[in-house]
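With the sequence shown counted from 1, adding 19 to any position gets you this note's numbering. Data block below; observations after.
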Amino acid sequence: KFTGNFFYDYMMGIEFNPRIGKWFDFKLFFNGRPGIVAWTLINLSYAAKQQELYGQVTNSMILVNVLQGIYVLDFFWNEAWYLKTIDICHDHFGWYLGWGDCVWLPYLYTLQGLYLVYHPVQLCTANAIGILMLGLIGYYIFRMTNHQKDLFRRTNGNCKIWGKKPEYIECSYMSVDGTKYYSKLMTSGFWGWARHFNYTGDLLGSLAYCLTCGFEHILPYFYIVYMTILLTHRCIRDEHRCFSKYGKDWKRYTAAVPYRLIPGIF
Ligand code: NDP
């Protein structure tokens with residue numbers, strides 16, 4: 020996909036699915052191997068560094084390792100689901116994905132661990148439990164929302180969401196060659212609460228990671244600020260694409276599910 024703007028093409032990519040042979044897929048490799056594996060290894064290294072410097076690992080460091088470790092394990096456990104995300108299905112492979120996965124992710128997603136090496140925080144039990152619960156609730160919402168859509172799409176709506184047949188809006192769209200296709204947008208389960216409740220779960224989890232560092236410094240909070248910008252921008256980008264794809268059917272869907280991230284607010 021050439022847009023005519025060299026810088027945009029370089030940044031966002033031209034090739035949709037660049038590969039070497041049958042087995043090496045650039046998007047899957049860069050999204051799903053170096054950065055995300057490094058995330059866990061770097062966090063573990065920070066825990067080891069705390070042990071070396073202070074002779075103990077703080078509960079905040081353990082929480083960061085556990086909560087972020089669950090997120091990474093989930094990625095590998097549900098890798099088939101990951102193939103249906105926007106990164107893989109719609110984005111082209113360029114500097115944005117390559118640099119983001121190999122440089123941005125391992126440096127920036129590990130900021131809490133780095134901070135805790137030099138500013139160790141021992142949380143009181145109540146705070147530690149509160150942060151753990153927030154992280155687990157965020158993870159649960161993230162996983163269940165993504166699972167509900169995956170199940171709904173895989174079974175073409177012939178499934179149960181929260182014990183009931185899912186509600187949905189039938190929609191159609193036209194491909195470039197003029198062929199008409201049909202699809203469904205679910206309006207029940209978490210997808211009836213907000214149009215991107217999976218992002219909301221992700222944000223709750225991200226906030227939990229930051230809270231482990233206490234309130235002495237703003238640096239560890241960079242992550243939640245960044246994730247809020249990333250996911251809000253992604254939400255708007257995705258909705259723009261969906262509106263171009265589904266047209267008036269998308270409008271019916273947004274009328275049925277009026278909020279994006281937080282029911283009643285946004
Ligand atoms: P989604 O999984 O939400 O996918 C959006 C697509 O789903 C839409 O383009 C549309 O595609 C389809 N869709 C939208 N609404 C419905 C509906 N009601 N029913 C059925 N299908 C619908 O987005 P992402 O791929 O961005 O995110 C996946 C997960 O990855 C999220 O939980 C996100 O938080 C996480 N993530 C994490 C990042 C990180 O750095 N930690 C970065 C990016 C994402 P279609 O054209 O098929 O209709």
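Yeah, the Cβ is synthetic: ideal placement off N, Cα and C, and Gly gets one too.
(Q) Which same chain residues end up closer than 7 Å to residue 255 when comparing Cβ atoms and leaving out the 5 residues on each side of it in sequence? (A) Along the sequence shown, read from residue 1 onward, the residue named residue 255 stands at position 236. Cβ neighbours of residue 255 within its own chain (closer than 7 Å, five residues either side excluded): none.
**Q.** Minimum C-alpha distance to residue 182 - residue among 162, 195, 208, 173
**A.** Here the question's residue 182 lines up with position 163 in the sequence shown. Nearest of 162, 195, 208, 173 to residue 182, Cα basis: 208.
Q: Determine the closest residue to residue 149 out of 131, 120, 230, with distance taken between C-alpha atoms.
A: Taking the sequence shown and counting its residues from 1, one reaches residue 149 at position 130. Considering only alpha carbons, the answer is 230.
Q: Could you say which of 156, 139, 122 lies nearest to residue 74 if we only look at CA atoms?
A: Within the sequence shown, the letter at position 55 stands for residue 74. Here the closest residue by C-alpha is 139.
Q: Could you tell me if residue 270 is buried or exposed, where buried requires 16 or more neighbouring beta carbons within 10 angstroms of its beta carbon?
A: Position 251 of the sequence shown, counted from the first residue, corresponds to residue 270. Exposed is the call here.
(Q) My assumption, with CB atoms under 8 Å, is that residue 191 sits in contact with residue 110. Please give the rounded CB distance. (A) On the sequence shown, position 172 is the one that residue 191 refers to. On the sequence shown, position 91 is the one that residue 110 refers to. Not a contact, Cβ separation roughly 24 Å.
Q. Considering only residues of the same chain and omitting the five flanking positions on each side of residue 205, which have a CB-CB separation below 6 Å?
A. Here residue 205 refers to the residue found at position 186 of the sequence shown. Result list for residue 205: 171, 185, 187, in chain order.
Q. Do residue 211 and residue 122 have their CB atoms nearer than 9 Å?
A. The residue given as residue 211 occupies position 192 in the sequence shown. The residue given as residue 122 occupies position 103 in the sequence shown. Cβ atoms of residue 211 and residue 122: not closer than 9 Å.
Q: May I ask whether a heavy atom of the ligand NDP can be found less than 8 Å away from the beta carbon of residue 89?
A: Mapped onto the sequence shown, residue 89 falls at position 70. The nearest non-hydrogen atom of the ligand NDP is 8 Å or more from the C-beta of residue 89.
Q: Grab me the residues of residue 91's own chain with a C-beta within less than 7 Å of its C-beta, minus the 5 sequence neighbours each way, in chain order.
A: Mapped onto the sequence shown, residue 91 falls at position 72. Answer for residue 91: 55, 58, 59, listed in chain order.
(Q) Could you compute how far the alpha carbon of residue 263 sits from the alpha carbon of residue 257? (A) Residue 263 sits at position 244 when you count from the first residue of the sequence shown. Residue 257 sits at position 238 when you count from the first residue of the sequence shown. If you take the alpha carbons of residue 263 and residue 257, they lie about 10 Å apart.
Q) For the alpha helix (DSSP H) that contains residue 263, what are its first and last residues? A) Within the sequence shown, the letter at position 244 stands for residue 263. Start and end: 241 to 265.
Q) Can you give the beta carbon distance from residue 100 to residue 29, rounded, assuming they're within the 8 Å contact cut? A) Locating residue 100 in the sequence shown gives position 81, where the first residue counts as 1. Locating residue 29 in the sequence shown gives position 10, where the first residue counts as 1. So it is not a contact: roughly 30 Å between Cβ atoms.
Q) Is it buried or exposed for residue 197, if we count other Cβ within 10 angstroms and need 16 for buried? A) As a first step, residue 197 is located in the sequence shown; it is residue number 178 there, counting from the start. Under this definition residue 197 is an exposed residue.
Q. Roughly how many whole angstroms lie between the Cα atoms of residue 41 and residue 53?
A. Along the sequence shown, one-based indexing puts residue 41 at 22. Along the sequence shown, one-based indexing puts residue 53 at 34. In a straight line, the C-alpha of residue 41 is about 20 Å away from that of residue 53.
**Q.** Rounded straight-line distance, which links the Cα of residue 20 to that of residue 32
**A.** Within the sequence shown, residue 32 is the residue found at index 13, counting from 1. Within the sequence shown, residue 20 is the residue found at index 1, counting from 1. Distance between the alpha carbons of residue 32 and residue 20: 8 Å.
Q: Put residue 128 into one of helix, strand or coil per three-state DSSP.
A: Stepping through the sequence shown from its first residue, residue 128 is reached at position 109. Coil at residue 128, not helix or strand.
Q. Which word fits residue 161, buried or exposed, when buried means at least 16 other C-beta atoms lie within 10 angstroms of its C-beta?
A. Stepping through the sequence shown from its first residue, residue 161 is reached at position 142. With 16 or more other Cβ atoms within 10 Å, it is buried.
Q) Is the CB-CB distance between residue 227 and residue 281 below 9 Å? A) For the purposes of this step, residue 227 is taken as the residue at position 208 of the sequence shown. For the purposes of this step, residue 281 is taken as the residue at position 262 of the sequence shown. Contact flag unset, no.
Q | Closest Cα partner of residue 180 within the set 95, 72, 165 | A | To locate residue 180, count along the sequence shown from 1; it is residue 161. The candidate whose alpha carbon is nearest that of residue 180 is 165.
Q | Beta bridge counterpart(s) of residue 43 as assigned by DSSP | A | Within the sequence shown, numbered from 1, the residue matching residue 43 stands at position 24. Residue pairing by DSSP puts residue 43 in a beta bridge opposite 39.
Q. Can residue 116 and residue 108 be called in contact, C-beta distance under 9 Å?
A. Residue mapping note: residue 116 aligns to position 97 of the sequence shown, counting from 1. Residue mapping note: residue 108 aligns to position 89 of the sequence shown, counting from 1. Taking C-beta atoms as the reference points, residue 116 and residue 108 fail to come closer than 9 Å.
Q: Within the same chain, show all residues whose beta-carbon is closer than 8 Å to that of residue 120, passing over the 5 residues directly before and after it, in chain order.
A: By 1-based counting over the sequence shown, the position of residue 120 is 101. Closer than 8 Å at the Cβ level, and outside the excluded window around residue 120, lie 49, 50, 53, 54, 55.
Q: Using three-state DSSP, classify residue 225 as helix, strand or coil.
A: One-based indexing of the sequence shown puts residue 225 at position 206. Residue 225 carries a helical assignment under DSSP once its states are collapsed to helix, strand and coil.
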